[in-house]
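The structure appears below as structure tokens.
2 protein chains.
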Amino acid sequence: MDKIGVTMIDHVAIAVPAGQLEAQVALYERLGFTVLHREEVYGGDQVREVLLRVGETGNMIQLLEPLNSDSPVAKQIERQGGRGGLAHVAFRVPDIQAAFAAARSEGLQVIDEAPRPGSRGTTVFFLHPKTHPTDGALGVLYEFVQEA
Amino acid sequence: MDKIGVTMIDHVAIAVPAGQLEAQVALYERLGFTVLHREEVYGGDQVREVLLRVGETGNMIQLLEPLNSDSPVAKQIERQGGRGGLAHVAFRVPDIQAAFAAARSEGLQVIDEAPRPGSRGTTVFFLHPKTHPTDGALGVLYEFVQEA
Chain H
31 MDKIGVTMID HVAIAVPAGQ LEAQVALYER LGFTVLHREE VYGGDQVREV LLRVGETGNM
91 IQLLEPLNSD SPVAKQIERQ GGRGGLAHVA FRVPDIQAAF AAARSEGLQV IDEAPRPGSR
151 GTTVFFLHPK THPTDGALGV LYEFVQEA
Chain D
31 MDKIGVTMID HVAIAVPAGQ LEAQVALYER LGFTVLHREE VYGGDQVREV LLRVGETGNM
91 IQLLEPLNSD SPVAKQIERQ GGRGGLAHVA FRVPDIQAAF AAARSEGLQV IDEAPRPGSR
151 GTTVFFLHPK THPTDGALGV LYEFVQEA
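Chains H and D are the protein sequences, given in the same order.
Just add 30 to wherever you are in the first sequence, counting from 1, and you've got this note's numbering.
Just add 30 to wherever you are in the second sequence, counting from 1, and you've got this note's numbering.
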């Protein structure tokens with residue numbers, strides 16, 4: 031049987047209210063983190079993304095500023111009364127197709143119908159945070175990421 | 031000058047409503063994670079903690095179930111209408127005293143007056159998520175951890 035096969039935390043994503051991205055980047059640089067990558071992500075995401083390196087093991091912080099009000103990140107910020115904060119946690123896997131098959135065979139509810147392109151050439155899928163058929167809610171939005 | 035010197039993400043902490051800890055542990059085991067440590071933490075924390083290993087790099091998920099209504103985790107769950115979810119992110123540092131001094135000299139607002147004992151023999155401090163003297167709020171609760 032396929033295994034999800036998580037090897038590490040890829041990144042922790044943080045929602046940042048519109049207009050505050052550069053001030054947030056400056057704060058994280060004061061924590062000693064360095065910017066690795068910037069990208070505007072379209073499709074269903076609609077965010078301006080900044081990835082920061084955390085130490086030397088490959089863990090990252092991902093700052094997400096909504097490009098418009100259709101972005102799921104904008105909706106999170108709206109639900110939180112205009113404040114940003116923790117958005118999701120992404121786990122790195124060596125084989126996203128195997129991870130997807132394994133998540134389904136474990137009965138975990140997957141949001142995406144199939145692994146799909148993420149930023150910086152990755153392939154990703156998300157688990158549903160709210161609903162689980164037998165065991166109750168995870169309560170957290172989790173992503174799985176295969177690097178390019 | 032001292033550096034904060036973060037080497038990696040130590041753990042991502044998740045608030046779990048009272049009575050749901052074992053169901054949550056079972057869900058994380060279905061994700062392929064394994065329980066590393068269990069502890070009841072008293073003092074200001076008042077939580078039942080389960081640490082799960084994420085892959086082989088040392089990253090962990092920390093499930094936190096409040097022991098009583100005085101626990102800050104209970105207060106988070108109450109603010110969220112009874113739901114759990116992402117609570118804080120902890121960064122590992124080699125020298126917690128140096129990290130504390132560096133955070134202060136960067137002007138970052140620290141919650142703890144000095145590094146203090148965490149679970150499993152660690153030494154920790156937290157940054158304040160809401161207030162920053164010059165650059166606005168981090169918007170996320172961050173912990174720094176030196177291993178025992």
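Glycine included, each C-beta is placed from N, C-alpha and C at the ideal position.
Should residue 95 (chain D) go down as buried or exposed, given a rule of 16 or more other Cβ atoms within 10 Å for buried?
To locate residue 95 (chain D), count along the second sequence from 1; it is residue 65. Label assigned to residue 95 (chain D): buried.
Whole angstroms are fine: how far does the CA of residue 76 (chain D) sit from the CA of residue 104 (chain D)?
Here residue 104 (chain D) corresponds to residue number 74 of the second sequence, with the count starting at 1. Here residue 76 (chain D) corresponds to residue number 46 of the second sequence, with the count starting at 1. If you take the alpha carbons of residue 104 (chain D) and residue 76 (chain D), they lie about 9 Å apart.
Since I believe residue 79 (chain H) is in contact with residue 92 (chain H) (beta carbons under 8 Å), could you give me their beta-carbon distance rounded to a whole number of angstroms?
As a working note, residue 92 (chain H) is residue 62 in the first sequence. As a working note, residue 79 (chain H) is residue 49 in the first sequence. Residue 92 (chain H) to residue 79 (chain H), Cβ: 6 Å. Contact.
Helix, strand or coil for residue 126 (chain H)? Go by DSSP, reduced to three states.
Locating residue 126 (chain H) in the first sequence gives position 96, where the first residue counts as 1. Helix, per DSSP.
What did DSSP end up calling residue 36 (chain H) once you bin it into helix, strand or coil?
For the purposes of this step, residue 36 (chain H) is identified with residue 6 of the first sequence, where counting begins at 1. Of the three classes helix, strand and coil, the one that applies to residue 36 (chain H) here is coil, per DSSP.
Please state whether the Cβ-Cβ distance between residue 172 (chain H) and residue 130 (chain H) is less than 8 Å.
Residue 172 (chain H) sits at position 142 when you count from the first residue of the first sequence. Residue 130 (chain H) sits at position 100 when you count from the first residue of the first sequence. For residue 172 (chain H) and residue 130 (chain H), no; Cβs fall outside 8 Å.
Would you list, in chain order, the members of the region 69 to 94 of chain D that have their beta-carbon closer than 7 Å to a beta-carbon of chain H?
Residues passing the 7 Å Cβ filter: 84, 85, 86, 87, 89.
Which one of H:71, H:47, H:88, H:49 has the shortest CA to CA distance from residue 65 (chain H)?
The residue you call residue 65 (chain H) lines up with position 35 of the first sequence. Minimum Cα distance to residue 65 (chain H) is reached at H:88.
Taking Cβ to Cβ, would you say residue 34 (chain D) is nearer than 8 Å to residue 61 (chain H)?
The residue labelled residue 34 (chain D) in the question sits at position 4 within the second sequence. The residue labelled residue 61 (chain H) in the question sits at position 31 within the first sequence. Against a cut-off of 8 Å, the Cβ pair of residue 61 (chain H) and residue 34 (chain D) comes out as a contact.
Report all residues from its chain with a CB closer than 6 Å to the CB of residue 174 (chain H); omit the five preceding and five following residues, and keep chain order.
Position 144 of the first sequence, counted from the first residue, corresponds to residue 174 (chain H). Result list for residue 174 (chain H): 121, 123, 129, 155, in chain order.
So which residues of chain D does residue 156 (chain H) contact, with C-beta pairs closer than 8 Å?
In the first sequence, the residue the question calls residue 156 (chain H) occupies position 126. By Cβ distance, chain D contributes nothing, its closest Cβ being about 13 Å from residue 156 (chain H), past 8 Å.
Out of H:50, H:32, H:159, H:56, point me to the one whose CA is closest to residue 117 (chain H)'s CA.
What you label residue 117 (chain H) is simply residue 87 of the first sequence in a count that begins at 1. Closest option to residue 117 (chain H), Cα to Cα, is H:159.
If contacts are defined as beta-carbon pairs under 8 Å, then residue 23 (chain D) and residue 115 (chain H) qualify, I think. What distance do you get, rounded to the angstrom?
This structure cannot settle anything about residue 23 (chain D), because the visible part of chain D is limited to 31 through 178.
Is it buried or exposed for residue 58 (chain D), if we count other Cβ within 10 angstroms and need 16 for buried?
On the second sequence, position 28 is the one that residue 58 (chain D) refers to. When all chains shown are included, residue 58 (chain D) counts as buried.
I want to see whether chain H comes within less than 8 Å of residue 126 (chain D), judged by CB atoms only; does it?
Within the second sequence, the letter at position 96 stands for residue 126 (chain D). So, not an interface residue.
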